[in-house]
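So for the sequence shown, the UniProt record's numbering puts the first residue at 1; every next one is plus one.
The structure appears right after this line, and notes come after that.
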Amino acid sequence: TRTRTSRLLQSLMPKSSRKRVREELEADASSSGEEPGTSNGAASSAVDDAATRYPTVICRSKHKKKKVLVLCSRGVTSSYVELMEDLLKIMPHARKDPKFDKREPLSSLVEIADLSACAACLYFEARKMQDLYMWVGAVRTEGPCAKFLVQQVRPMRDIRLTGNCLMGSRPILSFDGGFEAEPHLRAVKELLSFVFAPPKGHPASKPFHDHVLAFSWCEGRIIVRHYQVVPPLHDAKAESDSLVEIGPRFALVPIRIMGGCFSGETLYANEKFVSPNEARAELKRQKAKRTIGQVAQKEKRRERIQVEGRDQLPPDELGDVFAD
1 TRTRTSRLLQ
11 SLMPKSSRKR
21 VREELEADAS
31 SSGEEPGTSN
41 GAASSAVDDA
51 ATRYPTVICR
61 SKHKKKKVLV
71 LCSRGVTSSY
81 VELMEDLLKI
91 MPHARKDPKF
101 DKREPLSSLV
111 EIADLSACAA
121 CLYFEARKMQ
131 DLYMWVGAVR
141 TEGPCAKFLV
151 QQVRPMRDIR
161 LTGNCLMGSR
171 PILSFDGGFE
181 AEPHLRAVKE
191 LLSFVFAPPK
201 GHPASKPFHD
211 HVLAFSWCEG
221 RIIVRHYQVV
231 PPLHDAKAES
241 DSLVEIGPRF
251 ALVPIRIMGG
261 CFSGETLYAN
271 EKFVSPNEAR
281 AELKRQKAKR
291 TIGQVAQKEK
301 RRERIQVEGR
311 DQLPPDELGD
321 VFAD
């Protein structure tokens, strides 16, 4: 009976199961011929001792069931796919989806996210096999959403930095003071925080903070860097933690902020934004002007030579030496 009692008490944690354990102990005692009162008293004292020794575990926080849908369009290059995979490693609450057909409207992303029970969506749109755009939208609240141009993409495999962090740990999001200067930057800050911050107590995340995801506003772009938090080792000079970069590296240029999720009224439009197509067309025009100038210069030189008569060869004095 005592072996049975100890086995049951070892698995006893909540108070609600005390009555059930007492009933099992009484049934065990009656089958072995012991007096019920003695068994009940022993069970009560044993249960009280077990409750004192093994306190009840109470879950004080419940995680928010927030998932982020991460997907890309067809036509992405290998570097852009590696960037998306690196972000998936940083975001333990993300859910990957197959490639999205660009012929479908962007409103279909809302339906896909709803079917996957995702609260937000992170969509990478590739154009002309060389330009990458990133859409960030809050699906659960039906907006807002923002569109960015992704520049200076350097995946972790390309830069090969020495930083490292625990897979699935929660990152510390760091925003500099520039995001408080303008209203649209505050909206961008809230969107990025909603997407990249794992909810507290998420089952896929680990309760550790050993890396930092830094967002810096510099010259009209958002510079994104990823660092590892390194505690001071056996070095008396080091008084605080240090940061070692992990990667990836990329920059975001805000283009547009809309009130709905991938649709709706335009709340902000970047007037200084120049699309990559216009930039490439301007470069071609500059090269064409330079080529046209070179051709015109050659034509002027040819005309000047004709006017000066330098295109005619002077008479040869020895041309008739061997003439008959």
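No residue lacks a Cβ here, since even glycine has one placed at the ideal position from N, Cα and C.
Take the Cβ of residue i as the centre, count every other Cβ of all protein chains shown within 10 Å, and call the residue buried at 16 or more, exposed below.
i	result
P105	exposed
V321	exposed
P231	exposed
D311	exposed
D316	exposed
P254	buried
L318	exposed
P183	exposed
G37	Because the pLDDT of G37 is 48, which lies under 50, any placement of that residue in the model is unreliable, and the number read from its coordinates should be weighed accordingly. Its Cβ having fewer than 16 others within 10 Å, G37 is exposed.
Compute the Euclidean distance between the alpha carbons of residue i and residue j, then round it to the nearest angstrom.
i	j	result
F273	S240	40 Å
residue 329	K298	Here the chain covers residues 1 to 324 and nothing more, so residue 329 does not appear.
L149	P276	9 Å
G247	K300	55 Å
L313	T291	30 Å
S107	Y123	12 Å
P144	R160	36 Å
V188	R280	28 Å
P203	A94	12 Å
E82	K89	11 Å
S169	D176	22 Å
E125	E265	21 Å
V295	R302	11 Å
R256	R186	14 Å
S39	A27	Any answer about S39 is weak, because its pLDDT of 47 lies below 50 and its placement is not dependable; what the coordinates show is given next. In a straight line, the C-alpha of S39 is about 9 Å away from that of A27.
V70	L233	37 Å
E142	E278	32 Å
L109	Y133	15 Å
M84	G293	45 Å
K147	K206	30 Å
K66	K99	22 Å
D86	N270	28 Å
E23	E190	55 Å
F208	Q130	37 Å
residue 328	Y80	The first residue shown for the chain is 1 and the last is 324, placing residue 328 beyond what the model contains.
Which of the three DSSP states, helix, strand or coil, is assigned to residue i?
i	result
M129	coil
T266	strand
P208	Sequence check: residue 208 is Phe here, not Pro. Of the three classes helix, strand and coil, the one that applies to F208 here is coil, per DSSP.
S39	Annotation note: pLDDT 47 at S39 (below 50); position unreliable, coordinate value reported separately. In this structure, S39 counts as helix in the three-state DSSP scheme.
H93	coil
V70	strand
S174	strand
F179	helix
P203	coil
P254	strand
I305	helix
V244	strand
Q312	coil
A214	strand
V295	helix
F196	helix
L149	strand
M167	coil
L88	helix
CB residue i to CB residue j, shorter than 8 Å?
i	j	result
S174	L213	yes
D97	I112	yes
Y227	E245	yes
C165	D114	no
A251	R221	yes
Q152	R249	yes
G163	W217	no
F215	V229	no
V76	M91	no
Say yes only if the C-beta of residue i is nearer than 7 Å to one or more non-hydrogen atoms of the ligand GDP, and no if none qualify.
i	result
G177	Ligands displayed in this structure: none; no statement on the ligand GDP is therefore possible.
- Are three or more beta carbon pairs between the segment 251 to 262 and the segment 132 to 149 nearer than 8 Å? yes
- Task: Taking 8 Å as the threshold, find out whether the segment 282 to 291 comes into contact with the segment 113 to 128 through three or more Cβ pairs.
- Result: no
- Task: Check whether the segment 198 to 213 touches the segment 149 to 158, taking contact to mean three or more Cβ pairs, one atom from each stretch, closer than 8 Å.
- Result: no
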